[in-house]
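Have a look at the structure below before the remarks.
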Amino acid sequence: DELESYRGALTWLVDVGRSGDASNIAWDLMFFWAIGGHAAEGLQWYERILSVGALPPAAESRGLVGAGLMRYTQGEPGHARTALTRALALAHDTGDMEMLAQAENLLGRVEHSVGNVDAARERYARSAERFRTLALPWGLGSSLTGMATVALATGDPAQAERLLDEATSVLRHAGPWFLALTLYVRALLAVRRGDADGAIAVVRESLTRIRELH
1391 DELESYRGAL TWLVDVGRSG DASNIAWDLM FFWAIGGHAA EGLQWYERIL
1441 SVGALPPAAE SRGLVGAGLM RYTQGEPGHA RTALTRALAL AHDTGDMEML
1491 AQAENLLGRV EHSVGNVDAA RERYARSAER FRTLALPWGL GSSLTGMATV
1541 ALATGDPAQA ERLLDEATSV LRHAGPWFLA LTLYVRALLA VRRGDADGAI
1591 AVVRESLTRI RELH
């Protein structure tokens, strides 16, 4: 409902050179853009903010993670990897544990999407460790789900199920979006096992959560 106000605020902040404040707002809108089908617009804002220059390292790393996620959702893994690798380097320099965890998690998705399952597994494992230290359930559950997708892809359904069980337990109170992906992977696991009824039940639950987010 407030999207036009945010657009106006972002425009003004960029125009007057307050790119750090613009980066903060854009960061808080990251999941809205990714979940709500606004990835193209989100990417435009992140790139506009990043092009201003003279961003504080923390703000730049947030902008790069946001841009990396938007690139990934639009099927551009190469560009996503470039942005996320730069974000990871900045986060290392500043000691920003949350950005390190987020960049590692998204790089896991990027690597898996291009078939680099070993690299993906390592990225997910590092991000899970960091999210566990930070006590961020949504991040930990997301990383565990990523690890489950790798286990499923490499022929270890038992490990995938264990990881999905842990992710589900962690994500029960983290909001509908984050559990939707976990349910999707669980449905794939059910299909692999020939359990059509179980897969349909899980997909129905996932759809209910997705519809809650319109």
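Residues in the sequence shown are numbered from 1391 upward in steps of one, following our numbering. Here a beta-carbon is modelled for each residue, glycine too, at the ideal position from N, C-alpha and C.
Give a yes or no on contact between the segment 1391 to 1403 and the segment 1411 to 1421, applying the rule of three or more CB pairs nearer than 8 Å. yes
Taking only runs that begin and end inside the segment 1430 to 1464, name each unbroken alpha helix (DSSP H) of 4 or more residues, in chain order. 1447 to 1463
Residue range of the alpha helix (DSSP H) that includes Ala1424: Translated into positions along the sequence shown, residue 1424 becomes position 34. Its alpha helix (DSSP H) spans residues 1420 to 1425.
With contact counted as at least three CB pairs below 8 Å, one residue from each stretch, are the segment 1505 to 1514 and the segment 1461 to 1472 in contact? no
Simplified DSSP assignment, three categories, for Leu1561: In the sequence shown, counting from the first residue as 1, residue 1561 sits at position 171. Leu1561 falls in the helix class under three-state DSSP.
Can at least three beta-carbon pairs, one atom from the segment 1587 to 1599 and one from the segment 1543 to 1561, be found at a separation below 8 Å? no
What's the gap between the Cα of Arg1452 and the Cα of Gly1584? Sequence index remark: in the sequence shown, residue 1452 carries index 62 (1-based). Sequence index remark: in the sequence shown, residue 1584 carries index 194 (1-based). CA-CA distance, Arg1452 to Gly1584, rounds to 42 Å.
Nonlocal neighbours in the same chain, by C-beta distance under 7 Å from Trp1435, ignoring five residues either side: As a position in the sequence shown, residue 1435 is number 45, starting the count at 1. Around Trp1435: Leu1400, Ala1416.
Since Gly1410 and Pro1447 are thought to touch, with beta carbons under 8 Å apart, how far apart are those beta carbons, to the nearest angstrom? Stepping through the sequence shown from its first residue, residue 1410 is reached at position 20. Stepping through the sequence shown from its first residue, residue 1447 is reached at position 57. Not confirmed; about 10 Å, so no contact.
So Leu1603 is in the alpha helix (DSSP H); what residue range does that whole segment cover? Translated into positions along the sequence shown, residue 1603 becomes position 213. For Leu1603, no alpha helix (DSSP H) run applies, since DSSP gives it neither H nor E.
How close, in whole Å, do the beta carbons of Leu1480 and Glu1450 come, if the pair is a contact with beta carbons under 8 Å? What you label residue 1480 is simply residue 90 of the sequence shown in a count that begins at 1. What you label residue 1450 is simply residue 60 of the sequence shown in a count that begins at 1. Rounded, the Cβ-Cβ distance is 6 Å, consistent with contact.
Cβ neighbours of Met1489 in the same chain (closer than 7 Å, five flanking residues each side left out): Locating residue 1489 in the sequence shown gives position 99, where the first residue counts as 1. If we look at Met1489 and ignore the five residues flanking it on each side, its Cβ neighbours are Ser1451, Arg1452, Val1455, Ala1477, Ala1481.
Sorted by chain position, which residues of the same chain lie with C-beta nearer than 6 Å to Arg1576's C-beta, five sequence neighbours on each side aside? What you label residue 1576 is simply residue 186 of the sequence shown in a count that begins at 1. Once the five neighbours on either side are set aside, the close Cβ partners of Arg1576 are Leu1554, Val1592.
For His1482, the first and last residue of its enclosing alpha helix (DSSP H): Your numbering for residue 1482 matches position 92 in the sequence shown. Its alpha helix (DSSP H) spans residues 1467 to 1484.
Which residue marks the beginning of the alpha helix (DSSP H) containing Gly1584, and which one marks its end? If you number the sequence shown from 1, residue 1584 lands on position 194. Run containing Gly1584: none; DSSP gives neither H nor E here.
Which listed residue (Met1460, Glu1392, Glu1602, Leu1440) has its alpha carbon closest to that of Trp1657: Residue 1657 falls outside the range modelled here, since the chain spans only 1391 to 1604, and no answer is possible.
Val1504 lies in the alpha helix (DSSP H); which residues open and close that run? Here residue 1504 is taken as the residue at index 114 of the sequence shown, counted from 1. Where Val1504 is concerned, there is no enclosing alpha helix (DSSP H), given that its DSSP letter is neither H nor E.
Please determine, among Leu1497, Val1504, Gly1505, the residue with the shortest C-alpha to C-alpha distance to Ala1518. Mapped onto the sequence shown, residue 1518 falls at position 128. The candidate whose alpha carbon is nearest that of Ala1518 is Leu1497.
Sort Arg1461, Glu1494, Ala1570, Ala1541 by Cα distance to Arg1582 and report the nearest one. Numbered from 1 along the sequence shown, position 192 holds the residue referred to as residue 1582. When only C-alpha atoms are compared, the closest one is Ala1541.
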